[in-house]
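Those protein sequence lines, which keep their order, are chains E and R. Note that the numbering used here has the first sequence beginning at 4, numbered continuously upward. Note that the numbering used here has the second sequence beginning at 1031, numbered continuously upward. Glycine included, every Cβ here is placed at the ideal spot set by N, Cα and C. Report on the following structure.
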Amino acid sequence: MRSHLRHAVLAGLLAVFSATPAAAALRVVTTTEDLASLAREVGGEKVEVVALAKGYQDPHFVEPKPSFILAVSRADLLIAVGRELEIGWLPTLISSARNAKIQPGAPGYLDASLNVKILEIPTVQLTRAMGDVHPQGNPHYWLDPGNGRRIAQGIRDRLTQLSPADRAFFAQHYDDFDKRLAAAEQRWDAAMAPFKGTKVVTYHRSWPNFMERFGLNVMGYVEPKPGIPPSPSHTLELIADMKAQGAKLIVVEPYFDKKTPNAVAAQVGGTVLELAPSVGGEKEAADYIRLFDFDVNLLVSTLKKVTGK
Amino acid sequence: MLFLRPGTLVVGVAILFLNSTPGYAQQGGPSPVPGAPAVQQVLDQIAQLRSELDAVRRQYDERLSALEQRLQQLTGAPALAAARSAPSAPPSGAAVPPADPLATAAQSADQTGQPLPPNSGRVFNPDTSVIGNLQGAAGKNPLSGQPTMQLSEAEVAFQAVVDPYAKADFFLAAGPEGLEVEEGFVTFTALPHNLLVKAGKMRAQFGKVNTLHTHSMPTVDRPLVIENLLGGEEGLSDSGVSVSHLIDNKLLFLEATGEVYAGTSTVFQSSSRSHLNYVGRLRGYRDLSEDKNLDFGVSYAFGPTSPPGSIAEQGTLNKSLVGVDVTYRYRPLRRAIYSRLNLRSELIWSRQDLPFDTRVSAFGFYGLGEWQFAQRWYAGARFDRSGRVLDGTQKDNGASLFLTFWPSEFSQVRTQFRRTNFAEGVSANELLFQLSFSIGAHGAHLF
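Rendered as structure tokens:
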């Protein structure tokens, strides 16, 4: 009996130690939790994924902490949102990482924005008088499930390039994700259908892809210009505009102050709604599909109250 | 950015039909459902747009063929003109399916085989930015020659990737003393064994403040200990090579840096090629939680020096510096753009040979706290104490309060009240001002 136990313990230990070579899994570092979730969907147990920024953090203003340098230095693949979202913090991490594999241009660096649908690509001459504008278009593109699918395709192709032996594995995981996403999209579209064309206000320009996908009409912003905090004159204009156009809903990201949105809502008899802009932005938004589940459910229940539909 | 009103949207949608450029497609938002009169209006607008488009195309083709003729005259290349003649004949707008000038251009380019994207000189231009730093001072200070107002520095930065193995950074500073290379170095980013090598002129990795450019400082001035023992604003900055190694471990971020400099800085002066300035630093960092962290380091510098009054026959006189720095940061992630706290202290010991076998040592330190209390506002305080490098018993003391307002990420206005008690028994109360503004490429956020 005792020797059996010993054998079992030995076997267990052996299993533990021989299981560690799952460290042969590709080490993927993503800048955001959205990309991390998509990488997990496609990579399954063949990848170990670490996200740098938290979902409840403003992705423009992440600090390039040395602990992030460590993570990036160990990565086989670095996936970035791109479109200059991370311009203030990712370049420093990359150049301090001492990792040739993930330098831009190398196969271990993936800009997830290259095959997705980008909105608000400027067609006029930009100046910083317009606020913190993104010359390469709006970087909050992951908030359209269609783009989530495209990002996942990009990740699938890059993982396959890095680990060709697992081609079938990644393809099958992608297909599985694709099916679940398609089913979920039908659910979300049906839930949002009654509210097509409803006018809403958002704090920052984080939501154009989301709103376009679900047919809501963004008629204004709490920020006078991207990255510039609310000003009294702009707030007054916004209140007047909302009253004139009958807009009642203000969508706010979790990392912004709710003082001004609350004041505006009180003036127009509207509601402030905090949605999750990213996976992990709220506890329930634990992966890419549940992010939309969370946001759509919350939006639908609030819109029902606001519009009376 | 572009913010389309419904009217513009309709036009946008019309353009979308006429012309399948993806660039346009990306702007079409959810379109309002138009009624019958609106449909007529749209059709009218389409017709109008179509005729405008044809006019533009004709104009474009005419200009193109004129240009080609010029080119032909200049180069005498008939083949090019022959290849061009076909597409330059304007297709009749009614007969062909909607086409756009861009497509035509692409077609012509294909046919001549000469698409001309910008040349490499333009594509590979470095990221460029310019930072202006205007400083002012009010109040009496008998030991400072700082004028009432001065554009103390205009810093031009050029940064780009050199090749698959390296990137380069240049910071040229133009000030009242002229133009100088503040830093100019290459960083080899693709080395094995967790190594990072820099070579060129750079600020040495000695403590924290020494690595900061003036516009990145949390205060208008530099702490007394830096002024007295570490070369002030110029700092320990020299031509040399820096090698740093990331010591991979599970516990913390640990980085060891070794540097060799020529000994031509304000802190070390070498009179011989064999006497160099060596700098070593060990830096540790650990996240205490997702919003708190501790950053600490030990630095050492050793090298030749020539204090005033020394002459070459006396042999080499050396100086050594030891520094300890600790930084504690708190930044709640959910409120990261509104609130943060940084506490920092640096301690520096200096030991210097003097002629006739004498030796002086000095010690100084500062403690600084900076607190962000609103999206664009920072307040802070600093306490200073330092001996003089040539006489450690002569101690200067200082205390400062400062307030910074950031209108945007690209400019800052700062005021600082500073009281200094100099070793001579003189005191100075001053009000310092600073306005920094940057244009061009987006720089990295500081950490």
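Hey, quick one: how far does the beta strand (DSSP E) through R1381(R) stretch, first residue to last?
-> For the purposes of this step, residue 1381(R) is taken as residue 351 along the second sequence, with counting starting at 1. Run containing R1381(R): 1370-1384, per the beta strand (DSSP E) assignment.
Residues that K1197(R) contacts on chain E, provided the C-beta gap is smaller than 7 Å | On the second sequence, position 167 is the one that residue 1197(R) refers to. The contacting residues are S98.
Continuous beta strand (DSSP E) stretch holding Q1189(R): start and end = Here residue 1189(R) is taken as the residue at index 159 of the second sequence, counted from 1. From DSSP, the beta strand (DSSP E) with Q1189(R) extends over 1179-1193.
For N1323(R), which residues in chain E fall below 8 Å Cβ to Cβ?
-> In the second sequence, the residue the question calls residue 1323(R) occupies position 293. Result: K68, S70.
How long is the line joining the alpha carbons of Y1396(R) and K1228(R), rounded to whole angstroms?
-> Here residue 1396(R) corresponds to residue number 366 of the second sequence, with the count starting at 1. Here residue 1228(R) corresponds to residue number 198 of the second sequence, with the count starting at 1. Taking the straight line from one Cα to the other gives about 29 Å.
Cβ neighbours of Y1360(R) in the same chain (closer than 7 Å, five flanking residues each side left out) = Counting from 1 along the second sequence, the entry for residue 1360(R) is found at position 330. If you ignore the 5 residues before and after Y1360(R), its C-beta comes within less than 7 Å of the C-beta of D1321, K1322, R1370, L1371, all in its own chain and listed in chain order.
Is the Cβ of Q1405(R) closer than 7 Å to any Cβ of chain C?
-> In the displayed structure, chain C is absent; the protein chains listed are E and R.
So which residues on chain E does Y1315(R) lean against when the C-beta distance must stay under 8 Å?
-> For the purposes of this step, residue 1315(R) is identified with residue 285 of the second sequence, where counting begins at 1. Residues of chain E passing the Cβ test: K68, P69, S70.
Using only alpha-carbon positions, find the residue among G1169(R), G1205(R), L1226(R), E1207(R) that is nearest to K1197(R).
-> For the purposes of this step, residue 1197(R) is taken as the residue at position 167 of the second sequence. With distances taken between Cα atoms, K1197(R) lies closest to L1226(R).
Starting from the C-beta of H1275(R), find all residues in its chain whose C-beta is less than 6 Å away, skip the five residues before and the five after it, and write them out in chain order.
-> On the second sequence, position 245 is the one that residue 1275(R) refers to. For H1275(R), where only same-chain residues beyond five positions count, the Cβ hits under 6 Å are N1224, L1225, A1286.
From this set, V1211(R), S1468(R), S1375(R), Q1424(R), which residue's C-alpha is nearest V1443(R)'s C-alpha?
-> In the second sequence, residue 1443(R) corresponds to position 413, counting from 1. Comparing Cα-Cα distances from V1443(R) to each of V1211(R), S1468(R), S1375(R), Q1424(R), the minimum goes to S1468(R).
With burial defined as no fewer than 16 other Cβ atoms inside 10 Å of the residue's Cβ, what is the status of L1462(R): buried or exposed?
-> As a first step, residue 1462(R) must be located in the second sequence, where it is residue number 432. So L1462(R) counts as buried.
Minimum C-alpha distance to V225(E) - residue among E215(E), K199(E), L239(E), A288(E) = On the first sequence, position 222 is the one that residue 225(E) refers to. The shortest Cα separation from V225(E) among E215(E), K199(E), L239(E), A288(E) belongs to L239(E).
Check: K261(E) C-beta below 6 Å from any heavy atom of the ligand NAP = Among the ligands in the structure shown, none appear at all, so the ligand NAP cannot be discussed.
Should F1215(R) be labelled buried (16 or more other beta-carbon atoms within 10 Å of its own) or exposed?
-> Residue 1215(R) sits at position 185 when you count from the first residue of the second sequence. Classification of F1215(R): buried, given that the 10 Å Cβ count is 16 or more.
Mind pulling the alpha helix (DSSP H) runs of 4 or more residues that sit fully within the region 229-265 of chain E?
-> Counting only runs of 4 or more, we get 235-248.
Could you round the C-beta distance between R208(E) and N141(E) to whole angstroms and report it? I think they count as a contact, below 8 Å.
-> Residue 208(E) sits at position 205 when you count from the first residue of the first sequence. Residue 141(E) sits at position 138 when you count from the first residue of the first sequence. Correct: roughly 6 Å between the Cβ atoms.
Backbone CA spacing between E51(E) and A74(E) [nearest angstrom] = Locating residue 51(E) in the first sequence gives position 48, counting from the first residue. Locating residue 74(E) in the first sequence gives position 71, counting from the first residue. C-alpha separation (whole angstroms): 11 Å.
Output, in chain order, the set of chain R residues within a Cβ distance shorter than 7 Å of D192(E).
-> Within the first sequence, residue 192(E) is the residue found at index 189, counting from 1. From the beta-carbon of D192(E), no residue of chain R is found nearer than 7 Å; the closest lies around 14 Å away.
Compare the beta carbon distance of S76(E) and R101(E) with 7 Å and say whether it is the shorter of the two.
-> One-based indexing of the first sequence puts residue 76(E) at position 73. One-based indexing of the first sequence puts residue 101(E) at position 98. Yes, Cβ-Cβ distance for S76(E) and R101(E) is below 7 Å.
For T1219(R), decide whether its Cβ has a neighbour in chain E, counting only Cβ atoms nearer than 7 Å.
-> As a working note, residue 1219(R) is residue 189 in the second sequence. Yes, T1219(R) lies at the interface with chain E (some Cβ there is under 7 Å from its Cβ).
How would you call V84(E), buried or exposed, if buried means at least 16 neighbouring beta carbons within 10 angstroms?
-> For the purposes of this step, residue 84(E) is taken as the residue at position 81 of the first sequence. The residue in question, V84(E), is buried, as its Cβ has 16 or more Cβ neighbours within 10 Å.
Selection of the region 230-241 of chain E by Cβ proximity to chain R, strictly under 9 Å | For the region 230-241 of chain E, the beta-carbon criterion of a distance under 9 Å to any beta-carbon of chain R is satisfied by G230, I231, P232.
By DSSP, does N1279(R) sit in helix, in strand, or in coil?
-> Along the second sequence, one-based indexing puts residue 1279(R) at 249. In this structure, N1279(R) counts as coil in the three-state DSSP scheme.
Helix or strand or just coil, what does DSSP make of Q60(E)?
-> As a position in the first sequence, residue 60(E) is number 57, starting the count at 1. Note: Q60(E) maps to coil in three-state DSSP.
Provide the residue(s) that pair with L1461(R) in DSSP beta bridges, ordered along the chain.
-> The count along the second sequence starts at 1 and reaches residue 1461(R) at position 431. DSSP output for L1461(R) lists A1168(R), F1447(R) as bridge partner(s).
N-terminal and C-terminal residue of the alpha helix (DSSP H) that I72(E) is part of | Position 69 of the first sequence, counted from the first residue, corresponds to residue 72(E). Looking at the DSSP string, the run of the alpha helix (DSSP H) that includes I72(E) is 69-76.
Within the same chain, show all residues whose beta-carbon is closer than 7 Å to that of F297(E), passing over the 5 residues directly before and after it, in chain order.
-> For the purposes of this step, residue 297(E) is taken as residue 294 along the first sequence, with counting starting at 1. Only A279, E285, E287, A288 meet the Cβ criterion.
Buried or exposed: where does M1247(R) fall if 16 or more other Cβ atoms within 10 Å of its Cβ makes it buried?
-> Residue 1247(R) sits at position 217 when you count from the first residue of the second sequence. With 16 or more other Cβ atoms within 10 Å, it is buried.
Return the Cβ separation of H1472(R) and I90(E) in integer angstroms, given the expectation that the two are a contact with Cβ distance under 8 Å.
-> Taking the second sequence and counting its residues from 1, one reaches residue 1472(R) at position 442. Taking the first sequence and counting its residues from 1, one reaches residue 90(E) at position 87. Sure, about 5 Å apart at Cβ, within 8 Å.
So Q1424(R) packs on A1453(R), CB below 8 Å; how close in whole Å?
-> Counting from 1 along the second sequence, the entry for residue 1424(R) is found at position 394. Counting from 1 along the second sequence, the entry for residue 1453(R) is found at position 423. Right, the Cβ-Cβ distance comes to about 4 Å (below 8 Å), so this counts as a contact.
Rounded separation between L1254(R) and A1187(R) - CA only = Here residue 1254(R) is taken as the residue at index 224 of the second sequence, counted from 1. Here residue 1187(R) is taken as the residue at index 157 of the second sequence, counted from 1. Between L1254(R) and A1187(R), the C-alpha separation is close to 28 Å.
Inter-residue Cα distance where the pair is A132(E) and P125(E) | Reading the first sequence from its first residue, position 129 is the one you call residue 132(E). Reading the first sequence from its first residue, position 122 is the one you call residue 125(E). Distance between the alpha carbons of A132(E) and P125(E) is about 14 Å.
For G1106(R), name the three-state secondary structure that DSSP assigns.
-> On the second sequence, position 76 is the one that residue 1106(R) refers to. Note that G1106(R) has pLDDT 46, beneath the 50 cutoff, so the model's placement of it is unreliable and no number is given.
Please report how far the alpha carbon of D1084(R) lies from the alpha carbon of A1077(R), in whole angstroms.
-> Walking along the second sequence from the start, residue 1084(R) turns up at place 54. Walking along the second sequence from the start, residue 1077(R) turns up at place 47. Counting only the Cα atoms, A1077(R) lies some 11 Å from D1084(R).
Taking only beta-carbon positions, decide if R1152(R) is within less than 7 Å of chain E.
-> Counting from one through the second sequence, the residue named residue 1152(R) turns up at place 122. Not one chain E Cβ lies under 7 Å of R1152(R).
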